[in-house]
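This report refers to the structure that appears directly beneath it.
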Amino acid sequence: DAKTTQPPSMDCAEGRAANLPCNHSTISGNEYVYWYRQIHSQGPQYIIHGLKNNETNEMASLIITEDRKSSTLILPHATLRDTAVYYCIVRGANSKLTFGKGITLSVRP
Amino acid sequence: GAVVSQHPSWVICKSGTSVKIECRSLDFQATTMFWYRQFPKQSLMLMATSNEGSKATYEQGVEKDKFLINHASLTLSTLTVTSAHPEDSSFYICSARGQDRGDQPQHFGDGTRLSIL
C-alpha cells in the first residue's frame, strides 16, 4: 500500500473549518484514501474514505485532487471535541490498515 | 451502525498469568478481524489478521505462541496473552471488517489497557 505524509501537528480555532492535508504521491489506481481519528485513550474512529471523487458525510468532507496524489480532510466547524490525532491511510481493497504517525489537531477555544 | 465492542477495557494482573481479551462486532458480520498494539506516544502496530474459521496471520516479530488468536464466529474474536510479563503491558485494540465490498472500512473497539505487575 502507498505511503502517506502528514504534517505532525496543526491547530485551529473553535468554530472554524479545519483543513487537514495528506500527501500520497505513490497511490495506485485501485487504492482508497481512508481517514481515522484517535482521541486520547480510545480506539480509532472511522471518519470517511474515497477513491477519486470528493466525499461528504455527517462528520467531514474529503477532497481528493484530480491526480489523486494528495487529499484534504475538512472538518467544517471544529469543536474542542475534535482535538485528536488524525490518520490518513491508503489501502487497497481487502488489504489491511497500516497506521503512520498521523497529524495532531488541536482545537483552541 | 458498525459497532465493535471490546472487553475488558482495562486489566491489571500478575506476571506469569494469561489474559483473554474479547472483541465482538455487534451489528455486522466480521469476516476479518485485526489486533493492534499501541505503546505510549506511538502509533498503532498491527499484530495479526484473522479470518473466521481460519488460523490467524501474524505480522513479523509477533510471537504466535504468546499471542493466541481465535476467530471462531463471524462476531467474535479473542486474543489471549499467555504468560504475560511487564513488557507485554500495552494498549490492545481490535478491529473488524465486513465483506460486503472490498473498500469496507475497518471499525475499531475502544481498546484494552493491559498492565502486568
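From first to last, the protein sequence lines stand for chains A and B.
Positions 17 to 125 (the numbering used here) are the ones given, in order, by the first sequence.
Positions 79 to 195 (the numbering used here) are the ones given, in order, by the second sequence.
Yeah, the Cβ is synthetic: ideal placement off N, Cα and C, and Gly gets one too.
In this structure residue 35 (chain A) does not touch residue 21 (chain A) by the C-beta definition: roughly 16 Å separates them, more than the 8 Å allowed. Residue 163 (chain B) is classed as exposed because its beta carbon has fewer than 16 other beta carbons within 10 Å across all chains shown. Under DSSP, residue 34 (chain A) shares a beta bridge with A:91. Chain A places no beta carbon closer than 7 Å to that of residue 176 (chain B), leaving this residue out of the contacts. For the region 101–124 of chain B, the residues whose beta carbon sits under 7 Å from a beta carbon of chain A are, in order, 112, 121, 122, 124. Residue 106 (chain A) places its beta carbon less than 7 Å from that of residue 43 (chain A). Residue 122 (chain B) sits in coil when the DSSP states are folded into three classes, being neither helix nor strand.
Within the same chain, 129, 175 come within 6 Å of residue 110 (chain B) by CB-CB distance, once the 5 residues on both sides are set aside.
Within the region 149–174 of chain B, contact with chain A at the beta-carbon level (separation under 7 Å) is assigned to 171.
Boundaries of the beta strand (DSSP E) around residue 191 (chain B): 190–194.
Ranked by Cα distance from residue 195 (chain B), the options B:102, B:166, B:173 are led by B:166. Assignment of beta-bridge partners to residue 43 (chain A) by DSSP yields no partner.
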